[in-house]
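S.K.:
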DNA sequence: ATCATCGTGCGAAAATTGTCGAACGATTGA
DNA sequence: TCAATCGTTCGACAATTTTCGCACGATGAT
């Protein structure tokens with residue numbers, strides 16, 4: 008039972024800052040990254056249950072090609088996880104800082 | 008001698024991560040930010056001596072409106088500096104991490 | 001085998017962004 | 001005053017990105 012879908016990922020040293028920043032500059036993708044950071048590996052559909060599938064594929068592909076996430080096929084679904092270690096090795100603290108500074112999604116007022 | 012040109016800047020708490028990341032995701036603007044980090048306040052024309060003025064204005068305006076730089080008029084020129092403190096207060100370590108990870112990128116013709 | 005579900009690729013349309021010439025006002029120096 | 005320089009705005013165009021319907025192959029369940 009060979010893996011049906013094979014995904015291309017950039018090597019650690021191929022991950023480029025501009026592409027990562029661009030990937031994270033989209034609020035929708037940033038919320039996806041936040042969910043991935045909180046839940047670990049998730050089914051792709053959880054990242055956007057209300058989105059058209061082709062739109063979801065577009066964003067997950069962009070995140071994958073920029074080196075932000077790792078994607079693997081599991082049966083007919085698609086599991087996605089954040090490349091924490093690779094990103095941390097390449098750009099220490101970046102993801103934490105970005106996610107920490109992105110509270111504006113929820114209308115919660117809590118600033119210290 | 009009232010200041011001729013007045014520039015609008017977002018407050019510190021108005022600086023939003025997606026806009027900052029988008030501003031930094033452009034290689035040209037990222038190289039501008041690096042120059043600003045190295046030299047401090049610089050004349051706007053130093054950020055792109057070979058660029059058409061309107062293109063230069065476009066990028067500096069985007070950097071200003073996203074909260075990355077502070078712009079002030081000095082005579083007929085335009086001085087620009089990085090909002091180090093504000094960015095550090097809002098997203099600790101972000102600029103350092105980004106600039107640190109952008110050294111090995113293709114040195115187009117900016118590095119001299 | 002049949003059918004429903006999932007992700008992907010294709011293609012097109014809409015929206016956003018980047019580039020840049022031209023005109024304009026402001027400033028500086030002569 | 002006059003001319004040169006600078007930054008901005010406007011407008012148009014090119015390039016990129018986003019959205020999404022559709023058809024297709026693969027997978028899992030009946």
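Residue numbers (this note's numbering), protein chains in the order written: chain R, 8 to 119; chain P, 8 to 119.
For each residue, glycine too, the CB sits at the ideal point set by N, CA and C.
It should be emphasised that the depicted structure is a prediction, and the values quoted were computed from it without experimental measurement.
(1) Taking 7 Å as the cut-off, decide whether the C-beta atoms of residue 30 of chain P and residue 69 of chain P are in contact.
(2) Once the 5 residues before and after residue 33 of chain R are set aside, which same chain residues still bring their CB inside 6 Å of it?
(3) When Cβ atoms are compared, which residues of the stretch 26–56 of chain R fall closer than 9 Å to chain P?
(4) Buried or exposed: which applies to residue 115 of chain P, given that a residue is buried once 16 or more other Cβ atoms fall within 10 Å of its Cβ?
(5) For residue 22 of chain P, which of helix, strand or coil comes out of DSSP?
(6) Is the distance from the Cβ of residue 102 of chain R to the Cβ of residue 94 of chain R below 7 Å?
(7) In three-state DSSP terms, what is residue 114 of chain P?
(8) Closer than 8 Å by beta-carbon distance: list the chain R residues that pair up with residue 108 of chain P, in chain order.
(9) Of all the alpha helix (DSSP H) runs that stay within the bounds of the stretch 28–108 of chain R, which reach a length of 4 or more residues?
(10) Name the chain P residues whose beta carbon is nearer than 8 Å to that of residue 104 of chain R?
(11) Rounded to the nearest angstrom, what separates residue 89 of chain R and residue 61 of chain R at their Cα positions?
(12) Quick one: using the 10 Å Cβ neighbour count with 16 as the cut-off for buried, is residue 11 of chain R buried or exposed?
(13) Using the Cα positions of residue 46 of chain P and residue 79 of chain R, report the straight-line distance between them to the nearest angstrom.
(14) With distances taken from CA atoms, which of P:92, P:109, P:81 and P:108 is nearest residue 22 of chain P?
(15) Measuring CB to CB, does residue 109 of chain P end up less than 7 Å from residue 28 of chain P?
(16) Excluding sequence positions up to five away, which residues of its chain have a Cβ less than 6 Å from the Cβ of residue 66 of chain R?
M.R.: Once the coordinates are examined:
(1) Yes, these two residues count as a Cβ contact at 7 Å.
(2) Sequence-distant partners of residue 33 of chain R (beyond 5 residues in either direction) whose C-beta falls short of 6 Å from its own C-beta are missing from its chain.
(3) Listed in chain order, the positions of the stretch 26–56 of chain R with a beta carbon within less than 9 Å of a beta carbon of chain P are 26, 27, 28, 29, 30, 31, 32, 33, 34 and 37.
(4) Any reading at residue 115 of chain P must be qualified, since the residue scores a pLDDT of 46, below 50, and its modelled position is unreliable; no value is offered.
(5) Residue 22 of chain P falls in the coil class under three-state DSSP.
(6) With contacts defined as CB atoms closer than 7 Å, residue 102 of chain R and residue 94 of chain R qualify as a contacting pair.
(7) Low confidence applies here, because residue 114 of chain P scores a pLDDT of 45, under 50, leaving its location unreliable and the question unanswered by this model.
(8) Neighbours of residue 108 of chain P in chain R, taken as residues at a C-beta separation under 8 Å, are given in chain order as 24, 97, 98 and 101.
(9) Correct list: 34–46, 60–72, 91–97 and 101–107.
(10) Chain order gives the chain P residues near residue 104 of chain R as 98, 99, 100, 101 and 104, where near means a beta carbon separation below 8 Å.
(11) Taken atom to atom, the span from the alpha-carbon of residue 89 of chain R to that of residue 61 of chain R is near 21 Å.
(12) Burial call: exposed.
(13) Taking C-alpha positions only, residue 46 of chain P is separated from residue 79 of chain R by approximately 45 Å.
(14) Of the candidates P:92, P:109, P:81 and P:108, the one whose C-alpha sits nearest the C-alpha of residue 22 of chain P is P:92.
(15) Result no, Cβ atoms of residue 109 of chain P and residue 28 of chain P do not sit closer than 7 Å.
(16) Only 36 meet the Cβ criterion.
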